[in-house]
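K.L.:
One structure is given below, represented as structure tokens, and several questions about it will come after.
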Amino acid sequence: MALPLKYNVRNVLVRWRTTLFTVLGIGAVVLVFLGLRALARGIESTNANTGDPRNLLVVRKGSQAESGSLVTRDQFRTLRDLPGIARNEQGEPVVSAEIVMIVSAPRRDGNGEANTLIRGITPRGMELRPQVTLVEGRWFRPGQREVVVSTRMARRFAGFELGGTIKAGPERLKVVGQFDGQGSAFDSEAWMDADEARAVFDREQYSSVLLRPADPLTVSNLIARIDSDKRLALRAESEVGYYSKQTMTATPINYLAGILGTAMSVGAVFAAMNTMYASVGARTREIGTLRVLGYSRRSIVLCFLIEGALLALLGGLLGCLSAWLIQVGLTTFNVTFGTLDFQSFAETVFQFRVTPDLMLLGLLFSLFIGLAGSLLPALRAARLPVISALKSL
Amino acid sequence: MAAEPIVAIRELSKVYQQGEINVTALNEVSVDIHEGEFVVLMGPSGSGKSTLLHIIAGIDRATKGSVLVQGINVANLNESELADWRNQNVGFVFQSFNLIPVLTAAENVELPLLLTSLGRAERRRQVALALELVGLGDRGHHRPDQMSGGQQQRVAIARALVTDPTLIVADEPTGNLDAKSASDVLTILQSLSRVSKKTVIMVTHDPKAAHFGTRSLHLEKGEIVAD
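Chains as they are written, first to last, in this note's numbering: chain A, 1 to 393; chain B, 1001 to 1227.
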């Protein structure tokens, strides 16, 4: 039978100074690990939160993203006339040919310029994206050099405020409204009229086509039809599926979290080990006494592993709590992050997201640190010869 | 006195290796100890009395010879069996009390019982009984650092007797106590032997302490020189 848990808890608490420093150390490691993961999770959840499951996105065969895709006007016309596409109340096919362009804009914090994404969109395209809602000003008017930006972009870039102007080559676009993409990838975009965008950017072709099949049964037929049409050379996939695959941007941050997490965890393991060795050293006679009373070597190992785990879990909890508080703070003050999207080569805006599964991961990470750090001290404690342990001062 | 000894020691030797030198701590010791005896082991430092006590109690192993406690050859038990055997058959009292500082008196006394199959309520009852027996029934919630040395040693005795062991072994139990506390502790050990018929084996340097025993064994250079 194992020693009572209160014995472990009190031993951790009685050495509160060493406990405190070890907990702070492990907490800091968990915070860095969680912080990086939370940034990656922010990007991932932005993409996962984008699109309507009823929509299909069509891009050129071979291109992974809209920005590298070209759809000609002929191709668009062919697509529009395909059977199985939903029609609106006016009997028009629910199809939106769109153009995606990059414009460099100055950051509001004075930290240079960054690429921003401007989407030329049609009224059908706006109907197809009901999650995007106007929160300030008005929508752009067709034929006008007007643009509506996301509130998050407005906070990050100079000139993106209501009434401001965005420089697009020799042209200037007036900001007439702000929309909320509700945490989706559209929060990293500015929208304008599609035909106006083609004129401003001197583009004959579109970048992509968004359409809605008439009913769920026609979806697979429509995808197969577009994919197999050699004249079209286009491919279609669900809009949700397309965005959920655009998580490459999170990859470097996830790698960084892995590398930094591993490197820092090695340090934390040694810190935990040092604390646990000190604990074993200070309690040598106690260990001898427990052995004399009949506690097996296995009980002693378990006892010190539990103590190491407790110590580390306290650190893990501290790390999780700190990460959560940071998230609360960032949300309260509307702080967002931006990074280069490797698909569109524009800045993607995302939030710091500490989710319950990330917190669980943080706790498991701390548990690993605790167990790895206490294993050798625990084995040493169990191997102490009883007689010499009893004679220890 | 029972015909069969509780402890039967035959030609027991213990040789330590110190560098390249062999040091004989016990040399062919043979002795029988019977139920209810209060045996006092005396002798100068290095005479082998503590070694003999440790081997009888199963916390050290002999180089040669045998120790049979109630017919069980302790030398034949492996580490894990020996730990169980100690828990069930031996109660220990140390010179420095060896209480766990983060646990209360009652929790300290309960420690050996946690290894038994007793339920919580029964364990509590046994702990209360043991503390009552050493006169500390009202001190169960005190931590060791809130008690005097004499009280701590009495808690240690309660811990030693709570499992109702065959043997109670005490290694210099009064070495760290004032005269009054030492007398209290020795009186308890004596009554355990007289009233409860426990077999008590105690190592001591103190001739006054020896008077509490029923039998004295004098060791010198690893041999019993007087019984």
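By construction, the Cβ of each residue, glycine as well, lies at the ideal position given by its N, Cα and C atoms.
Note that the coordinates shown come from a computational prediction; the quantities given were computed from them, not determined experimentally.
Which stretch, first to last residue, makes up the beta strand (DSSP E) that contains Phe179 (chain A)?
P.N.:
Run containing Phe179 (chain A): 171-180, per the beta strand (DSSP E) assignment.
K.L.:
Between Gln1017 (chain B) and Pro1165 (chain B), what straight-line distance do the alpha-carbon atoms span, to the nearest angstrom?
P.N.:
Cα to Cα, Gln1017 (chain B) sits roughly 33 Å from Pro1165 (chain B).
K.L.:
Which same chain residues end up closer than 6 Å to Thr165 (chain A) when comparing Cβ atoms and leaving out the 5 residues on each side of it in sequence?
P.N.:
Cβ neighbours of Thr165 (chain A) beyond the five flanking positions: Gly159, Arg172, Lys174.
K.L.:
Short of 6 Å in beta carbon distance, which residues of its chain neighbour Thr275 (chain A), apart from the five on each side in sequence? Order them along the chain.
P.N.:
These residues qualify, in order along the chain: Thr18, Thr22.
K.L.:
Quick check on Tyr255 (chain A): buried or exposed, where buried means 16 or more other Cβ atoms within 10 Å of its Cβ?
P.N.:
Classification for Tyr255 (chain A): exposed.
K.L.:
Does Glu44 (chain A) have its Cβ less than 8 Å from a Cβ in chain B?
P.N.:
No - not a single Cβ of chain B is within 8 Å of the one on Glu44 (chain A).
K.L.:
Against Ser401 (chain A), what residues of chain B qualify as contacts under a CB-to-CB distance less than 7 Å, listed in chain order?
P.N.:
This structure gives no information on residue 401 (chain A), because the portion of chain A shown stretches from 1 to 393.
K.L.:
List the residues of chain A whose Cβ lies closer than 9 Å to the Cβ of Asp1145 (chain B), in chain order.
P.N.:
The premise fails here: Asp1145 (chain B) is roughly 11 Å from chain A at the closest Cβ pair, so nothing lies under 9 Å.
K.L.:
For a cutoff of 8 Å on Cβ pairs, would you count Ile1009 (chain B) as touching chain A?
P.N.:
Closer than 8 Å: no.
K.L.:
Tell me the residue span of the alpha helix (DSSP H) that contains Gly258 (chain A).
P.N.:
250-282 is the extent of the alpha helix (DSSP H) around Gly258 (chain A).
K.L.:
Closer than 7 Å by C-beta to Ser366 (chain A): which residues in its own chain qualify, once you throw out the five before and the five after it? Chain order, please.
P.N.:
Contacts found: Ile26, Val30, Ala312, Leu313, Gly315, Gly316, Gly319.
K.L.:
Quick one, are the C-beta atoms of Glu189 (chain A) and Gly120 (chain A) less than 8 Å apart?
P.N.:
Not a contact, by the Cβ cut-off of 8 Å.
K.L.:
Taking the runs of the beta strand (DSSP E) that are 3 residues or longer, which of them lie wholly in the stretch 35-79 of chain A?
P.N.:
The qualifying runs are 56-60.
K.L.:
When DSSP labels each residue in this structure, what does Thr1166 (chain B) get in the three-state scheme?
P.N.:
Note: Thr1166 (chain B) maps to coil in three-state DSSP.
K.L.:
Are there 16 or more other CB atoms within 10 angstroms of the CB of Gly110 (chain A), so buried, or fewer, so exposed?
P.N.:
It counts as exposed.
K.L.:
Report back the beta-carbon spacing between Ala233 (chain A) and Arg60 (chain A) to the nearest angstrom; my notes put them in contact at under 8 Å.
P.N.:
Correct: roughly 7 Å between the Cβ atoms.
K.L.:
Determine the DSSP secondary structure at Leu1219 (chain B), reduced to helix, strand or coil.
P.N.:
Correct three-state label for Leu1219 (chain B): strand.
K.L.:
Apart from the five residues just before and just after Pro1101 (chain B), which ones in its own chain have a Cβ nearer than 8 Å to its Cβ?
P.N.:
For Pro1101 (chain B), where only same-chain residues beyond five positions count, the Cβ hits under 8 Å are Arg1143, Pro1144, Asp1145.
K.L.:
Spatial neighbours of Val1225 (chain B) within its chain, please: CB distance less than 6 Å, with the 5 preceding and 5 following residues excluded, ordered by chain position.
P.N.:
His1218.
K.L.:
In or out: Arg212 (chain A) buried (at least 16 other Cβ within 10 Å) or exposed?
P.N.:
Buried is the call here.
K.L.:
Report the rounded CA-to-CA distance for Ala65 (chain A) versus Leu305 (chain A), giving the unit in angstroms.
P.N.:
Rounded to the nearest angstrom, the two C-alpha atoms are 50 Å apart.
K.L.:
Is His1054 (chain B) buried or exposed, if buried means 16 or more other CB atoms sit within 10 Å of its CB?
P.N.:
Per the 10 Å Cβ criterion, buried.
K.L.:
Using a cut-off of 7 Å between C-beta atoms, extract the partners of Val1102 (chain B) located in chain A.
P.N.:
In chain order: Tyr7, Arg10, Asn11, Val14.
K.L.:
When burial is assigned at 16 or more other CB atoms within 10 Å of the CB, is Pro1173 (chain B) buried or exposed?
P.N.:
So Pro1173 (chain B) counts as buried.
K.L.:
Curious, which full-length beta strand (DSSP E) runs of at least 3 residues does the stretch 1115-1178 of chain B contain?
P.N.:
Fully enclosed beta strand (DSSP E) runs of 3 or longer: 1167-1171.
K.L.:
Under 7 Å Cβ to Cβ from Phe345 (chain A), same chain only, skipping five residues before and after it: list those, please.
P.N.:
Only Ser67, Ile102, Asn115 meet the Cβ criterion.
K.L.:
Can Ala1025 (chain B) and Thr1051 (chain B) be called in contact, C-beta distance under 8 Å?
P.N.:
Closer than 8 Å, so yes.
K.L.:
How would you write the range of the beta strand (DSSP E) that Gln1018 (chain B) sits in, first residue to last?
P.N.:
Taken as a continuous stretch (DSSP letters only), the beta strand (DSSP E) holding Gln1018 (chain B) covers 1007-1018.
K.L.:
From the DSSP secondary-structure annotation, give me the bridge partner or partners of Leu1068 (chain B).
P.N.:
Answer by DSSP bridge pairing, in chain order: B:Ala1008, B:Asn1073.
K.L.:
Thinking Val349 (chain A) and Leu34 (chain A) are a contact (beta carbons under 8 Å), I'd like their distance in whole angstroms, please.
P.N.:
So it is not a contact: roughly 21 Å between Cβ atoms.
K.L.:
Assuming contact is defined by CB atoms lying nearer than 8 Å, are Val269 (chain A) and Gly362 (chain A) in contact in what I supplied?
P.N.:
No; because the gap between Cβ atoms is not below 8 Å, this pair is not in contact.
K.L.:
What residues of chain B sit near Ile387 (chain A), judged by a beta carbon separation below 7 Å?
P.N.:
Result: His1054, Ile1059, Asp1060.
K.L.:
Compute the Euclidean distance between the alpha carbons of Leu340 (chain A) and Ile259 (chain A), then round it to the nearest angstrom.
P.N.:
Cα to Cα, Leu340 (chain A) sits roughly 20 Å from Ile259 (chain A).
K.L.:
Among A:Pro53, A:Gln205, A:Pro93, which has the Cα closest to the Cα of Pro216 (chain A)?
P.N.:
It is A:Pro53.
K.L.:
Check each candidate in A:Arg283, A:Leu364, A:Gly183 and name the one with the smallest Cα separation from Asp310 (chain A).
P.N.:
Position check: residue 310 (chain A) holds Leu in this sequence, whereas Asp was assumed. Ranking the options by Cα distance to Leu310 (chain A), first place goes to A:Leu364.
K.L.:
Give a yes or no on whether the minimum CB-CB distance between Asn1022 (chain B) and chain A is below 8 Å.
P.N.:
Output row for Asn1022 (chain B): interface = no.
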